[in-house]
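> Okay, handing you the structure first.
Numbering (our numbering), first residue to last: 56 to 351.
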């Protein structure tokens, strides 16, 4: 009987005359040296149940990941870098965080006059997509095939043109693409990372990008502003945890706070971006509010 694990570094040949156990014993040292892992024995039944799918075959090839990376980079090159939003895929359109995120995206796109990027999924990702479209600014997305929300396992975005987004199979390619969307190599580039309320996926992306910024491995020549939107004190418990980390000594005092800007409202975030890029938004908005108050 011949069993082959295509696309992997493990290959077994079982002949009727040679028991699987003796093959394992005879070649265990060779296989350990070849793959760097202990030999695992599989029965014919377990191998049949574990049928090698096309997905496993493609995942074993770095060329598949490279292909997706190139597609993501090409998409970003065409649409331009800009603001990347991280946020929950589960928040419904009638939630205040959805409405606030949509407004923030619209105002920030107008302020920085740049492309809006997200995971192009439902929830708050949908809110920022709609907000940028309302501002009539470019919108790009890098989806993943399996997303937590109503568009689960869908490769197609319900209303964005197909040339404005790409659906990845590999999280690694998606993450590389989203990071590349905020790289600043020229003074004229206006980019930012804005973290909205979210769950495990949002926290994963949030801290991965923070780690890259902390270690100066994000690949950006110029600094990239990183904003955490603390709507309704959503992240306050997280900030308390970080304070505990500081007390314990796992991070230095002020180390994390130096990496991001915590904002409780859209106006605070927009004012921070305006000051970061030396734009007139904050002062102009304040003067308008004063005039409106005086007229009222």
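Idealized CB from N, CA, C, for every residue including glycine.
Contact check, residue 194 vs residue 167 under 8 Å by CB: the rounded distance?
Going by Cβ atoms, the distance from residue 194 to residue 167 rounds to 14 Å, so no, they are not a contact pair.
> Thinking residue 136 and residue 244 are a contact (beta carbons under 8 Å), I'd like their distance in whole angstroms, please.
6 Å
> If we count the other Cβ atoms within 10 Å of its Cβ and call it buried at 16 or more, is residue 72 buried or exposed?
At residue 72 the pLDDT is 44, less than 50, meaning the model places this residue with poor confidence; the figure from the coordinates comes in the next sentence. Exposed is the label assigned to residue 72, since fewer than 16 other Cβ atoms lie within 10 Å of its Cβ.
> Just reading off the alpha helix (DSSP H) that residue 291 is part of, what are its end residues?
Element bounds for residue 291: 291 to 303.
> For the segment 123 to 134 and the segment 232 to 251, state whether three or more C-beta atom pairs, one from each stretch, are separated by less than 8 Å.
yes
> Would you report the Cα separation of residue 189 and residue 156, rounded to the nearest angstrom?
As the crow flies, the alpha-carbon of residue 189 is around 13 Å from that of residue 156.
> Could you name the residues of the same chain whose beta carbon sits closer than 6 Å to that of residue 260, not counting the 5 residues immediately before and after it, in chain order?
Taking C-beta separations shorter than 6 Å and ignoring five residues to either side along the sequence, the partners of residue 260 in its chain run 141, following chain order.
> When you compare the segment 246 to 254 with the segment 219 to 226, are there three or more beta-carbon pairs, one atom per stretch, that lie closer than 8 Å?
no
> Quick one: Cα of residue 264 to Cα of residue 273, how far?
7 Å
> Can you have a look at residue 173 and say buried or exposed, based on whether 16 or more other CB atoms are within 10 angstroms of its CB?
Buried.
> Taking its Cβ as the centre, do 16 or more other Cβ atoms sit within 10 Å of residue 335, making it buried, or is it exposed?
exposed
> Which residues in the same chain as residue 257 place their Cβ atom closer than 8 Å to its Cβ, once the five residues preceding and following it in sequence are excluded?
141, 142, 143, 250, 251
> Using a Cβ-Cβ cutoff of less than 6 Å, which residues in the same chain neighbour residue 275 once the five nearest sequence positions on both sides are dropped?
Contacts found: 238, 239.
> Using only CA atoms, which one of 169, 181, 175, 170 lies nearest to residue 149?
181
> CB residue 316 to CB residue 278, shorter than 8 Å?
no
> Does the Cβ of residue 255 have 16 or more other Cβ atoms within 10 Å, making it buried, or fewer, making it exposed?
Exposed, since its Cβ has fewer than 16 Cβ neighbours within 10 Å.
> Mark residue 161 as exposed unless 16 or more other C-beta atoms lie within 10 angstroms of its C-beta, in which case mark it buried.
buried
> Which of the three DSSP states is assigned to residue 245 in this structure?
Residue 245: coil per DSSP, three-state reduction.
> Less than 8 Å between the C-beta atoms of residue 132 and residue 286, yes or no?
no
> With a threshold of 16 other CB atoms inside 10 Å of the CB of residue 329, please say whether the residue is buried or exposed.
buried
> Taking its Cβ as the centre, do 16 or more other Cβ atoms sit within 10 Å of residue 210, making it buried, or is it exposed?
exposed
> Cβ atoms of residue 228 and residue 127: under 8 Å apart, would you say?
Yes; because the gap between Cβ atoms is below 8 Å, this pair is in contact.
> Closer than 8 Å by C-beta to residue 147: which residues in its own chain qualify, once you throw out the five before and the five after it? Chain order, please.
153, 178
> Within the same chain, show all residues whose beta-carbon is closer than 6 Å to that of residue 324, passing over the 5 residues directly before and after it, in chain order.
282, 318
> For residue 327, name the three-state secondary structure that DSSP assigns.
helix
> Rounding to the nearest angstrom, what Cα-Cα distance links residue 184 and residue 217 in this structure?
14 Å
> Where do the ends of the alpha helix (DSSP H) carrying residue 141 lie?
Careful: residue 141 lies outside any alpha helix (DSSP H), inside the beta strand (DSSP E) at 137 to 141.
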